[in-house]
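First comes the structure, then the notes that go with it.
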Amino acid sequence: MAQKTRSTRKKKPNYSKRAKRLQRELLYSFFLLMAVIILLAQFHSAPAHYRLVVFQEDGETDTVQYYTSFKTAQREMNKLIERGEFNPAVLDEQDNIIAIKYGIVNFRTKTCGENTSFKNDYNGRKGYTNGCYGADGAYLETDDKGKQVKFKQSGVVGWVNRSDVEIYNYFDQSKVKSVNHYTLEQKSLVHHISTNLKKNSYASAIDIGEPSAKFKEKMYYSYDGNYFYRSYTQMIDDYRSGTYENSENDKEPYFNYYQYLSHRAKTSYVSKDINAYISQTLGFSAKPSSYPCAQNESQLFNEGYSFIEAQNTYGVNAMMMLSLAINESGFGKSQIAIEKNNLFGHAAYDNAPNASANGYKDIAAGIATHASIFLNQGYLNPCDQSDPNETGSPSGCFNQSGNRYLGGYFGDKGSGMNVKYASDPYWGEKAALYYRTMDELLGEKDKTRYTIKVLSDQPETPCYAQPDTGSKTLFYTPPSEHYAVVVLGEVSGEEVDGNNLWYKIQSDAVLTNARNAVVTAPKNYNHNSDIIYLPAAYFK
Numbered sequence: 009m010a011q012k013t014r015s016t017r018k019k020k021p022n023y024s025k026r027a028k029r030l031q032r033e034l035l036y037s038f039f040l041l042m043a044v045i046i047l048l049a050q051f052h053s054a055p056a057h058y059r060l061v062v063f064q065e066d067g068e069t070d071t072v073q074y075y076t077s078f079k080t081a082q083r084e085m086n087k088l089i090e091r092g093e094f095n096p097a098v099l100d101e102q103d104n105i106i107a108i109k110y111g112i113v114n115f116r117t118k119t120c121g122e123n124t125s126f127k128n129d130y131n132g133r134k135g136y137t138n139g140c141y142g143a144d145g146a147y148l149e150t151d152d153k154g155k156q157v158k159f160k161q162s163g164v165v166g167w168v169n170r171s172d173v174e175i176y177n178y179f180d181q182s183k184v185k186s187v188n189h190y191t192l193e194q195k196s197l198v199h200h201i202s203t204n205l206k207k208n209s210y211a212s213a214i215d216i217g218e219p220s221a222k223f224k225e226k227m228y229y230s231y232d233g234n235y236f237y238r239s240y241t242q243m244i245d246d247y248r249s250g251t252y253e254n255s256e257n258d259k260e261p262y263f264n265y266y267q268y269l270s271h272r273a274k275t276s277y278v279s280k281d282i283n284a285y286i287s288q289t290l291g292f293s294a295k296p297s298s299y300p301c302a303q304n305e306s307q308l309f310n311e312g313y314s315f316i317e318a319q320n321t322y323g324v325n326a327m328m329m330l331s332l333a334i335n336e337s338g339f340g341k342s343q344i345a346i347e348k349n350n351l352f353g354h355a356a357y358d359n360a361p362n363a364s365a366n367g368y369k370d371i372a373a374g375i376a377t378h379a380s381i382f383l384n385q386g387y388l389n390p391c392d393q394s395d396p397n398e399t400g401s402p403s404g405c406f407n408q409s410g411n412r413y414l415g416g417y418f419g420d421k422g423s424g425m426n427v428k429y430a431s432d433p434y435w436g437e438k439a440a441l442y443y444r445t446m447d448e449l450l451g452e453k454d455k456t457r458y459t460i461k462v463l464s465d466q467p468e469t470p471c472y473a474q475p476d477t478g479s480k481t482l483f484y485t486p487p488s489e490h491y492a493v494v495v496l497g498e499v500s501g502e503e504v505d506g507n508n509l510w511y512k513i514q515s516d517a518v519l520t521n522a523r524n525a526v527v528t529a530p531k532n533y534n535h536n537s538d539i540i541y542l543p544a545a546y547f548k
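The sequence shown: position 86 = 94 (the numbering used here), numbered continuously.
Here it is, written out as structure tokens:
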């Protein structure tokens, strides 16, 4: 009889119901964990989340909602603004402000050797500014992508990369302790300029003169120096709506005489007046022998004749050149002025000014070069850096990209020399202050000598050889919101918009002897024949 053998096959485990349930729960947990990991990965690869908040008057911050789209968040912010919420804003994941109702744009985000570029909203041209000379701009809006910020500063409305600036809540006293503003002192408006918003102090106090309107308040806000507001928020509301109706002087914009006077306006003063001011008022009695120089030494000493000679030869205002020289060279005592005979900061770029600046054999040569090359052939020349083969205007010389001509006056970042001469947004105001100061001390002979008219919101207007629109177009006014001219007289001419009055104007451009074209590379200037005409109807 065969013997039975034991089977080697293992028996199927006899799991309890509890063990089976635990097995299922572990499996479910695994799949749930994997789903969470996938969702987290998708979340981190998705666009940044944006938080819509309302900054309250008491400093508290109320969170309204979160969004994955900045465009949506900004749209909802605008709805809150329309409802009258105090100060809605959109923040990113790091709580940086991207858009806000009432904000400040902080340009002081780089070293002083680095400028910040922007695009002019009015004409599309590139511009630049430097936060070490003017820290703040008025915040206006942010584009739908959250990449570009619209601001107003020193007369220009522009778009800047958001990565180059910071946006602050205007009411945040921990970040905004000083802000660009004006005070009424006796009869003058004084412009207080902040170069660091987080400090309760101001780098400059510039007297811009007596306003045309009757101002009564002690403090005003303005980012153009033309229209002034009692309230910062009211100013922002007007800027956004494209009006100035709530300003103190909406019917009568103010233009600082010395800031908008053309270089073609000859001064009343002569070389002995300039030398007397330099020696007696400023106290300079010798030329420097080395840098740094003694207190009584300056490169301006005894240079009155050089300034007047340049004016007589090249037709540029001697006192304006002196004012610019004082501003750029620290009263003729800077290293560049002493070691390179360069009073005007020619080619002194912000990142390496001493190394890059031009050098001249003496001060007189530097003054002559400034008048002939930089002004006569450059900043006062509608044909500056033009292509002779370029078409597009009857003058045959307009060049939008390279042309430095934006008006022959000091100006601001919206028009005039300040647009391209200096990174300091208030360079024009500062140079104008030196002119005003000298004129006041010397008897105010220049203050009322010329009549200034400002052509507003009419860029690229034809300038005529005669008071007739059928006469030769000599050149076009630059693509700027404002364009100031020196009016020599009034004449009757062709009727334009029901008005036959025309202005006889001192041309910034040098004209040919026949007065039928602009001299593209001028040498001299003739105050008697370099004349243009514009209809009075163009000046509102």
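Glycine included, each C-beta is placed from N, C-alpha and C at the ideal position.
Comparing alpha-carbon positions, which option in the options lies nearest residue i?
i           : options            : result
residue 177 : 508, 271, 106, 436 : 106
residue 239 : 133, 193, 189      : 189
residue 584 : 520, 180, 502      : Only positions 9 to 548 of the chain appear in the structure, and residue 584 is not among them; the question remains open.
residue 251 : 235, 262, 145      : 235
residue 464 : 547, 444, 484      : 547
residue 529 : 385, 512, 429, 101 : 385
residue 380 : 439, 315, 103, 438 : 315
residue 65  : 159, 167, 514, 180 : 180
residue 205 : 131, 146, 448      : 146
residue 489 : 104, 162, 91       : 162
residue 224 : 237, 230, 232, 231 : 237
residue 2   : 331, 194, 85, 260  : Residue 2 cannot be examined here, being either before or after the span of the chain that is shown, 9 to 548.
residue 467 : 457, 456, 486      : 486
residue 307 : 339, 165, 326      : 339
Tell me which residue opens and which closes the beta strand (DSSP E) that residue i is part of.
i           : result
residue 96  : 95–99
residue 551 : The displayed coordinates of the chain run from 9 to 548. Any statement about residue 551 would go beyond what the structure contains.
residue 144 : 144–150
residue 160 : 156–161
residue 514 : 507–514
residue 88  : Taken as a continuous stretch (DSSP letters only), residue 88 belongs to no beta strand (DSSP E), being part of the alpha helix (DSSP H) at 78–91.
residue 464 : 459–464
residue 500 : 490–504
So with Cβ pairs under 8 Å, would you call residue i a contact of chain C?
i           : result
residue 147 : Here there is only one protein chain, and chain C is not present.
Specify, as a first and last residue, the run of the alpha helix (DSSP H) that residue i falls within.
i           : result
residue 245 : 240–249
residue 438 : 435–449
residue 315 : 312–322
residue 377 : 371–377
residue 364 : 361–364
residue 185 : Counting along the chain, residue 185 falls outside any alpha helix (DSSP H), and DSSP gives it neither H nor E.
residue 428 : 426–429
Using a threshold of 8 Å, state whether the C-beta atoms of residue i and residue j are closer than that.
i           : j           : result
residue 535 : residue 367 : no
residue 140 : residue 116 : yes
residue 460 : residue 494 : yes
residue 191 : residue 184 : no
residue 319 : residue 419 : no
residue 491 : residue 462 : yes
residue 58  : residue 99  : yes
residue 313 : residue 279 : yes
residue 62  : residue 95  : yes
residue 344 : residue 361 : yes
residue 187 : residue 173 : no
Can you have a look at residue i and say buried or exposed, based on whether 16 or more other CB atoms are within 10 angstroms of its CB?
i           : result
residue 79  : exposed
residue 112 : buried
residue 311 : buried
residue 272 : buried
residue 416 : buried
residue 543 : buried
residue 403 : Model confidence at residue 403 stands at a pLDDT of 48, short of 50, so the residue's coordinates are unreliable and nothing is read from them.
residue 532 : exposed
residue 74  : exposed
residue 119 : exposed
residue 160 : buried
residue 203 : buried
residue 449 : exposed
residue 370 : exposed
residue 472 : buried
residue 506 : exposed
residue 274 : buried
residue 336 : buried
Since I believe residue j is in contact with residue i (beta carbons under 8 Å), could you give me their beta-carbon distance rounded to a whole number of angstroms?
i           : j           : result
residue 264 : residue 216 : 5 Å
residue 434 : residue 297 : Actually they are not in contact, since the Cβ atoms of residue 434 and residue 297 sit about 33 Å apart, beyond 8 Å.
residue 421 : residue 137 : 6 Å
residue 432 : residue 413 : Contact flag wrong, Cβ pair sits at about 20 Å.
residue 508 : residue 480 : Their Cβ separation, rounded to whole angstroms, is 20 Å, which puts residue 508 and residue 480 out of contact at 8 Å.
residue 354 : residue 365 : 6 Å
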